[in-house]
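Peer 1:
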Amino acid sequence: MGATDKARRAAAGMAGVAVATAGLSNCDGTGAVDPPPPPLQCSDVSTGQNLFAQAARDDSTVLVTIQNFAQGGMTAASITDTTGPVQLLLVNGPTPDTNRGITLVFHVLDFQVPTATFTLNATFQISDGPECTITRTFTLDLSGGGVTVTSDRADPLPLGSRAPAVIALGERRGHRVELEATTSYAGRWQASWTVSAGTLDDPTARRVRWTLPDEPGVHQAELLVDYGPDGLAVDTIMFEVGAA
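Read in order, the letters of the sequence shown are residues 54 to 297 in our numbering.
(1) Checking the sheet assignment: what are the DSSP bridge partners for SER131?
(2) So, helix, strand or coil for GLY197, using DSSP?
(3) Here's a check: name, in chain order, each residue in its chain whose Cβ is nearer than 7 Å to the Cβ of ASP255, leaving out the five neighbours to either side.
(4) Could you pull the start and end residues of the beta strand (DSSP E) that TRP263 belongs to?
(5) Going by the DSSP bridge assignment, what does GLN107 pair with across the sheet?
(6) Would ARG153 pass as a contact of LEU173 if the rule is Cβ separation under 8 Å?
(7) Roughly how many angstroms lie between the CA atoms of PHE171 and VAL139, to the nearest whole one?
(8) What is the rounded straight-line gap between the Cα of PRO90 and the Cα of VAL166?
(9) Is it buried or exposed, ALA109, if we count other Cβ atoms within 10 angstroms and call 16 or more buried?
(10) Which value, in whole angstroms, describes the spacing of the CA atoms of GLU231 and LEU253?
(11) Give the DSSP-derived three-state secondary structure of GLY223 in the structure shown.
(12) Quick one: what does DSSP say GLY126 is sitting in, helix, strand or coil?
(13) Can you find the residues in the same chain that come closer than 8 Å, C-beta to C-beta, to GLY223, ignoring five residues on each side of it along the sequence?
(14) Which value, in whole angstroms, describes the spacing of the CA atoms of TRP263 and ALA286?
(15) Consult DSSP for GLY154 and reduce its assignment to one of helix, strand or coil.
(16) Measure the C-alpha to C-alpha separation of SER96 and VAL278 and round it to an integer number of angstroms.
(17) Short of 6 Å in beta carbon distance, which residues of its chain neighbour SER249, apart from the five on each side in sequence? Order them along the chain.
(18) When you compare the CB positions of SER196 and VAL161, do they come within less than 8 Å of one another, or not?
(19) So which of VAL219, GLU275, PHE177 and GLY198 has the shortest CA-CA distance to TYR238?
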């Protein structure tokens with residue numbers, strides 16, 4: 054969990070002001086940033102990562118396609134706990150070339166029973182990060198001569214595609230600097246700032262103005278980005294105010 058440091062220097066009036074950023078380390082390069090909400094990678098919901106299931110029926114045969122629209126590919130899948138009037142005949146996929154989903158073939162044994170269920174147990178590889186496992190139960194509605202498939206959970210897959218928080222350094226005038234919270238996260242998020250010295254114009258804004266104190270020393274600003282159920286991300290930046 055080492056921190057990466059970048060240094061830049063600028064003159065501010067009569068006092069030398071040096072700035073160094075210390076972005077807290079990303080776990081496995083996927084953006085889950087210290088301090089992580091436990092557990093770290095595979096348990097929290099992540100925006101935009103979904104399983105989509107479609108079903109079609111041809112007489113007594115039901116074809117179900119489950120596609121993966123996640124950051125990582127599906128590396129393994131199995132079907133368990135099949136209930137109701139269906140028999141699983143075939144599981145096709147995933148393969149290295151078709152790791153976005155699987156195809157299932159069921160045989161309908163009894164047309165008088167309107168529903169059936171099955172459970173998908175799948176493993177996903179998140180880029181170069183961890184393997185995550187999920188369990189999802191699907192229901193087949195066979196009434197009316199057709200078929201529809203629904204999942205027991207409408208929320209996205211529990212994969213760790215969090216985005217790191219990054220402080221962007223903006224305009225600097227004297228002892229006043231502009232800082233901006235940036236992230237590639239697609240959902241809603243809230244920024245909050247704290248500083249070791251000086252004042253902030255708005256500690257909950259995404260873009261803030263930090264007025265550094267006149268006294269020489271090293272001062273730090275910390276950005277905390279709250280992704281709600283997706284967890285937290287942190288970045289820091291440090292300024293050294295030199296003697297006049």
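Ideal Cβ placement from N, Cα and C applies to all residues, glycine included.
Peer 2: Based on what the coordinates show:
(1) What you label residue 131 is simply residue 78 of the sequence shown in a count that begins at 1. Partner(s): ASN174.
(2) In the sequence shown, counting from the first residue as 1, residue 197 sits at position 144. Three-state DSSP puts GLY197 in a helix.
(3) Residue numbering aside, residue 255 sits at position 202 when the sequence shown is read from its first letter. So the list reads VAL261, once near-sequence residues are dropped.
(4) By one-based count along the sequence shown, residue 263 stands at place 210. Here the beta strand (DSSP E) through TRP263 covers 260-264.
(5) Within the sequence shown, numbered from 1, the residue matching residue 107 stands at position 54. DSSP, once it has assigned bridges, lists THR118 as partnering GLN107.
(6) In the sequence shown, the residue the question calls residue 153 occupies position 100. In the sequence shown, the residue the question calls residue 173 occupies position 120. No, the pair does not count as a contact, with Cβ atoms beyond the cut-off.
(7) Along the sequence shown, read from residue 1 onward, the residue named residue 171 stands at position 118. Along the sequence shown, read from residue 1 onward, the residue named residue 139 stands at position 86. About 9 Å.
(8) What you label residue 90 is simply residue 37 of the sequence shown in a count that begins at 1. What you label residue 166 is simply residue 113 of the sequence shown in a count that begins at 1. At PRO90, the pLDDT of 33 sits below 50, so the modelled position is not reliable and the matter cannot be decided from this model.
(9) In the sequence shown, counting from the first residue as 1, residue 109 sits at position 56. By the 10 Å Cβ count, ALA109 comes out exposed.
(10) In the sequence shown, the residue the question calls residue 231 occupies position 178. In the sequence shown, the residue the question calls residue 253 occupies position 200. Computed Cα separation, rounded: 10 Å.
(11) The residue labelled residue 223 in the question sits at position 170 within the sequence shown. Of the three classes helix, strand and coil, the one that applies to GLY223 here is strand, per DSSP.
(12) Position 73 of the sequence shown holds residue 126. Here GLY126 sits in strand by DSSP.
(13) Counted from its first residue, the sequence shown places residue 223 at position 170. Result list for GLY223: VAL230, GLU231, LEU232, GLU233 and ARG260, in chain order.
(14) Translated into the one-based positions of the sequence shown, residue 263 becomes position 210. Translated into the one-based positions of the sequence shown, residue 286 becomes position 233. Cα to Cα, the separation comes out at about 20 Å.
(15) If you number the sequence shown from 1, residue 154 lands on position 101. GLY154: strand per DSSP, three-state reduction.
(16) Within the sequence shown, residue 96 is the residue found at index 43, counting from 1. Within the sequence shown, residue 278 is the residue found at index 225, counting from 1. For SER96, the pLDDT reaches just 45, beneath the cut-off of 50, and the residue's location in the model is therefore unreliable, although a value from the coordinates is still provided. In a straight line, the C-alpha of SER96 is about 19 Å away from that of VAL278.
(17) As a first step, residue 249 must be located in the sequence shown, where it is residue number 196. Only HIS272 and GLN273 meet the Cβ criterion.
(18) As a working mapping, residue 196 is identified with position 143 in the sequence shown. As a working mapping, residue 161 is identified with position 108 in the sequence shown. In this structure, VAL161 does not lie closer than 8 Å to SER196 by Cβ.
(19) Position 185 of the sequence shown, counted from the start, is the residue given in the question as residue 238. Of the listed residues, the one whose Cα sits closest to TYR238 is VAL219.
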